[in-house]
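Asks:
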Amino acid sequence: MNEDYEILESLKDLKLRGVRYLYSKYGEGMVIVAFHMLGDTDKAKELVYDTFWKLWRENKFTDVTPPLRPFLYKEIQRASLKTISPC
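Everything in the sequence shown is counted per the numbering used here, starting at 3 for the first residue and increasing by one.
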């Protein structure tokens with residue numbers, strides 16, 4: 003969990019290494035989540051990549067507290083649902 007605090011500090015400071023580290027630590031697991039919802043590996047990978055960057059660009063990590071996994075899981079689910087049924 004200490005890693006999550008370090009990642010969050012980098013993300014809150016909008017440091018690029020923070021989003022890279024976030025993806026290296028959680029990307030694969032979130033791709034599995036997206037794949038189960040989308041049924042397509044390439045789409046799942048793209049969705050996770052895009053979602054992580056979007057969260058970072060919009061500075062969505064300011065109010066997040068560790069652990070990061072539940073927050074990311076929710077965001078990936080939300081993005082997957084938007085892809086399945088855009089409204």
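Ideal Cβ positions, reconstructed from N, Cα and C, are used throughout, including at glycine.
In this text the structure is predicted, and so the values were computed from the model without any measurement.
1. Restricting to Cα atoms, I'd like to know which of THR85, TYR75 and PRO69 is closest to ASN4.
2. When you compare only the Cα positions, how much space is there between THR64 and LYS14?
3. If I measure Cβ to Cβ from PHE73 and keep anything under 8 angstroms in the same chain, skipping five residues before and after, which residues do I get?
4. By alpha-carbon positions, which one of ASP42, TYR7 and ALA36 ends up nearest to LYS76?
5. Suppose you measure from the CA of GLU60 to the CA of LEU83; what does that come to, to the nearest Å?
Replies: According to the structure shown:
1. PRO69
2. 6 angstroms
3. VAL66
4. ALA36
5. 20 angstroms
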